[in-house]
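See structure below.
2 protein chains.
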Amino acid sequence: MKHRDRTETNLLDPRLLRLFDALFTTGSVTKAAEKLGQSQPTISIWLARLRAELDDPLFIRSAKGMLPTPRAEALIGTARQALEMLRRLAELRTDFDPTTAKRRFAICMTDGSHVTLLPSILAHVRRVAPGVRIEATQIGADTPRMLQSGEADVALGYISDLDAGHFQQALFPQDWVCLANAKHARIRDRITAKDFRREAHVLIRSGTGHQLLAGALQEQQIVLDVALELPGFLGLPAIVGTTDLLATLPRHIGETLAHYYGLRVLNCPLPIAGFTVKQYWHARFHHDPASQWLRGLCAELFQQQEVRGLHRSGRPKKRVPRDLQSQ
Amino acid sequence: MKHRDRTETNLLDPRLLRLFDALFTTGSVTKAAEKLGQSQPTISIWLARLRAELDDPLFIRSAKGMLPTPRAEALIGTARQALEMLRRLAELRTDFDPTTAKRRFAICMTDGSHVTLLPSILAHVRRVAPGVRIEATQIGADTPRMLQSGEADVALGYISDLDAGHFQQALFPQDWVCLANAKHARIRDRITAKDFRREAHVLIRSGTGHQLLAGALQEQQIVLDVALELPGFLGLPAIVGTTDLLATLPRHIGETLAHYYGLRVLNCPLPIAGFTVKQYWHARFHHDPASQWLRGLCAELFQQQEVRGLHRSGRPKKRVPRDLQSQ
DNA sequence: ATCCATTATTGTGAATCGCAATGAAGCACC
DNA sequence: GGTGCTTCATTGCGATTCACAATAATGGAT
Numbered sequence: 020m021k022h023r024d025r026t027e028t029n030l031l032d033p034r035l036l037r038l039f040d041a042l043f044t045t046g047s048v049t050k051a052a053e054k055l056g057q058s059q060p061t062i063s064i065w066l067a068r069l070r071a072e073l074d075d076p077l078f079i080r081s082a083k084g085m086l087p088t089p090r091a092e093a094l095i096g097t098a099r100q101a102l103e104m105l106r107r108l109a110e111l112r113t114d115f116d117p118t119t120a121k122r123r124f125a126i127c128m129t130d131g132s133h134v135t136l137l138p139s140i141l142a143h144v145r146r147v148a149p150g151v152r153i154e155a156t157q158i159g160a161d162t163p164r165m166l167q168s169g170e171a172d173v174a175l176g177y178i179s180d181l182d183a184g185h186f187q188q189a190l191f192p193q194d195w196v197c198l199a200n201a202k203h204a205r206i207r208d209r210i211t212a213k214d215f216r217r218e219a220h221v222l223i224r225s226g227t228g229h230q231l232l233a234g235a236l237q238e239q240q241i242v243l244d245v246a247l248e249l250p251g252f253l254g255l256p257a258i259v260g261t262t263d264l265l266a267t268l269p270r271h272i273g274e275t276l277a278h279y280y281g282l283r284v285l286n287c288p289l290p291i292a293g294f295t296v297k298q299y300w301h302a303r304f305h306h307d308p309a310s311q312w313l314r315g316l317c318a319e320l321f322q323q324q325e326v327r328g329l330h331r332s333g334r335p336k337k338r339v340p341r342d343l344q345s346q
Numbered sequence: 020m021k022h023r024d025r026t027e028t029n030l031l032d033p034r035l036l037r038l039f040d041a042l043f044t045t046g047s048v049t050k051a052a053e054k055l056g057q058s059q060p061t062i063s064i065w066l067a068r069l070r071a072e073l074d075d076p077l078f079i080r081s082a083k084g085m086l087p088t089p090r091a092e093a094l095i096g097t098a099r100q101a102l103e104m105l106r107r108l109a110e111l112r113t114d115f116d117p118t119t120a121k122r123r124f125a126i127c128m129t130d131g132s133h134v135t136l137l138p139s140i141l142a143h144v145r146r147v148a149p150g151v152r153i154e155a156t157q158i159g160a161d162t163p164r165m166l167q168s169g170e171a172d173v174a175l176g177y178i179s180d181l182d183a184g185h186f187q188q189a190l191f192p193q194d195w196v197c198l199a200n201a202k203h204a205r206i207r208d209r210i211t212a213k214d215f216r217r218e219a220h221v222l223i224r225s226g227t228g229h230q231l232l233a234g235a236l237q238e239q240q241i242v243l244d245v246a247l248e249l250p251g252f253l254g255l256p257a258i259v260g261t262t263d264l265l266a267t268l269p270r271h272i273g274e275t276l277a278h279y280y281g282l283r284v285l286n287c288p289l290p291i292a293g294f295t296v297k298q299y300w301h302a303r304f305h306h307d308p309a310s311q312w313l314r315g316l317c318a319e320l321f322q323q324q325e326v327r328g329l330h331r332s333g334r335p336k337k338r339v340p341r342d343l344q345s346q
């Protein structure tokens, strides 16, 4: 059948367990063969192997059929338990039912996403998955480690240099806008590059976008008149709404804040590289039904179009999950 | 690995279960290979098969080694339980310890054996196996069926035409003797054929020996003067001890009765075929430790020399158990 | 002794196995 | 970004095992 394992007692092949069960039940090698879908000679050979491995004749031929020995009777219970356990192993499925699930999902995101993405996620989850709790955590240097360890389930945003072993899916593209006071004395429906250089600005010193903005300014050797720097978005709408300062932001957060606070949104005159907001997760969880549900939810809520990830050797280094597209 | 069973979900090969366990424990295909005594490529192939059969990657490569997926974590407990059950199956032994055993043994025997064999068996059993109970049952036409079904464990005596599926072991040979009153008026130290024909006799109309005796008489056309027929041995000693009647018996029972009741034992002048007292048991119980113990006991108590059983096609129809000789 | 149904054995073409050799991948280091 | 190391995945191939048709052996009935 197979080479004897060098390190441990030979364990019974499941087919021999099935044979044991079938022969005990039917008392006939011929009937057991039919039951197991094999020929009678094959089953006779299996019986010989079973006898050798259990060191007992197990079944003795008689006019009444094959009768079990005391050892067969002693072993059949354990054999059937082993079979049942193997069947259970083969059949075990773990589905995820949002309507009944009780678990916590940790989502890494920038604090900007607290405004743009989290409210939609939360509203949806509260409606369809009442037992689910969402925890928002910061995107940072240890986000990849948190995704791998399972401390975080998914990351939303833009991570420029993710290790192997992670999947990513594009959600929506981002370009840049300027926010201005709706009653700004000098800025009406559009802003020129000249305006942009002249006016005073407020900067947010955090998040992915900040690094891209700073890079573009340096690249184009533009020195802005930065009247104020904020560590986050919290006070930004109040500042822009009561001063003549301009703020330059990724479109999504910009339009969202403008909407809530009655600010003016203008296309940014400065050419700044856009980027794609994506969701990221570790390959360990790729097939996990719970993780699939969460990612499907985010895709449903935020996905506009898909952009292929980076490639090497014909296979994605950071793979785009095909199955998510068919969900 | 092996053809997919046609009738049922494929169950995991125990080697794959061992791999699952080893990989979960070590986090390394290379280390798992060492543990399982296979090469690394072999184990990589096994892992591929495990992944296919469980429909999940199970372990994802990372700098920390192979990390389990949620499905692997969900299945490992059941996999380990299945492994444990298989090990238990491989290791299960059923010994028989006479000093502690509590069970009943049914021994088929003629009522003559109640006198010749049972007392020795009982004395021994009471000394070394206090929890064992002996039940003596009649040897008869259904003795083979009782041996096969387990209603009887062993039969002691002479069964002339036993079916297949039974073992037998010779215990001791039997020839014939005559019993006479120690104060018999005419019979002193020897009995002639003439004496035998002239004297009145008492016959026991039961047991194996009776048929042999009757056959011999008919074959030699001898008509005995039968003054009394008894259904069994019960009253025999009293009759022979108080009359001049002769009794013709197998030697063992004859000498035993003579010993107890002070009767005279004489070699039978009539040539009557001897026979061998054997113990018989069904092949189902051949390897059963309890049955082996009982048979060993009987051999120890009664065995004098061994006579081979009948043969056909080079193999005993009623097999002589070699292993019993080495016990 | 013959016959029947069932189990055991044999010979063989087909399938699968384990592993050496090597490619691919993940990461540390420069 | 390139290089090197360790580990996992893949390929090709000789060796081993498999299932089964054909048939022998066996247990019992007649």
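These protein sequence lines map, in sequence, to chains X and E.
If you read the first sequence in the numbering used here, its first letter stands for residue 20, the second for the next number, and so on.
If you read the second sequence in the numbering used here, its first letter stands for residue 20, the second for the next number, and so on.
By construction, the Cβ of each residue, glycine as well, lies at the ideal position given by its N, Cα and C atoms.
Item	Value
Beta-carbon proximity check, X:LEU108 vs X:ASP40, cutoff 8 Å	no
Coil, strand or helix - E:ASP244 by DSSP	strand
Proximal residues of chain X, C-beta to C-beta of E:PRO290 below 7 Å	Near E:PRO290 there are no residues of chain X at all, since even the closest Cβ is about 39 Å away, more than 7 Å.
Near-chain X residues of the segment 171–188 of chain E (beta-carbon distance less than 7 Å), N- to C-terminal order	GLY184
Simplified DSSP state of E:ILE158, which is helix, strand or coil	coil
Proximity test, Cβ basis, 8 Å: X:HIS203 and chain E	no
Reference E:ASN200; option with closest CA among E:ARG145, E:LEU276, E:ASP194	E:LEU276
Inter-residue CB distance, X:GLN298 and X:GLN188 (contact presumed, cutoff 8 Å)	5 Å
Closest by C-alpha distance to E:LEU36, when choosing among E:LEU316, E:ASP161, E:LEU73	E:LEU73
E:LEU166 to E:ALA233 span [Cα, whole Å]	28 Å
Residues from the segment 104–119 of chain X in contact with chain E, defined by Cβ distance under 8 Å	MET104, LEU105, ARG106, ARG107, LEU108, ALA109, GLU110, LEU111, THR113
Three-pair Cβ contact test at 8 Å for the segment 108–124 of chain E versus the segment 82–100 of chain X	yes
Contact check, X:HIS220 vs X:THR267, beta carbons under 8 Å	yes
Distance between X:ILE79 and E:TYR177 (C-alpha atoms, nearest Å)	24 Å
Residue interval of the alpha helix (DSSP H) (run including X:LYS50)	48–55
Residue(s) in a DSSP beta bridge with E:VAL348	Because residue 348 of chain E is not part of the residues shown, which for chain E are 20 to 346, the question remains open.
Unbroken alpha helix (DSSP H) run spanning E:ARG68, endpoints	59–73
Nearest-angstrom Cα separation, counted from E:ILE158 out to E:CYS317	17 Å
For X:GLY15, the three-state DSSP class (helix, strand or coil)	Given a span of 20 to 346 for chain X in the structure shown, any question on residue 15 of chain X remains unanswerable.
Amino acids of chain E, ordered along the chain, whose beta-carbon sits closer than 9 Å to that of X:PHE252	Here the premise fails: no neighbours, minimum Cβ distance about 35 Å.
Start-to-end residues for the beta strand (DSSP E) that takes in X:GLN193	185–193
Closer than 8 Å to chain X by CB, E:PHE43	no
For X:ASN286: DSSP bridge partner residues	X:VAL196
C-beta neighbour in chain X for E:SER47, strict 8 Å	no
Contact set between X:SER63 and chain E, taken where Cβ atoms lie within less than 9 Å	Residues of chain E passing the Cβ test: none, with the nearest at roughly 17 Å.
Any C-beta of chain X under 8 Å from that of E:ASP40	no
Interface positions of the segment 52–84 of chain E facing chain X (Cβ-Cβ less than 9 Å), listed along the chain	LYS54, LEU55, GLY56, GLN57, GLU72, LEU73, ASP74, ASP75, PRO76, PHE78, ILE79, ARG80, SER81, ALA82, LYS83
X:PRO290 beta carbon near the ligand GTP (any heavy atom closer than 7 Å)	Within the structure as shown, the ligand GTP is missing, as the structure has no ligands at all.
Selection of the segment 290–310 of chain X by Cβ proximity to chain E, strictly under 8 Å	HIS301, ALA302, ARG303, PHE304, HIS305, HIS306, ASP307, ALA309, SER310
Residues of the segment 90–101 of chain X whose Cβ lies closer than 7 Å to any Cβ of chain E, in chain order	ARG90, ALA93, LEU94, THR97, ALA98, GLN100, ALA101
Neighbouring residues, chain E, relative to X:THR162 (Cβ below 7 Å)	Those do not exist, as X:THR162 stays about 15 Å from chain E at its closest Cβ, beyond 7 Å.
Residues near X:SER47 by beta carbon distance below 8 Å, same chain, minus five either side	GLY84, MET85
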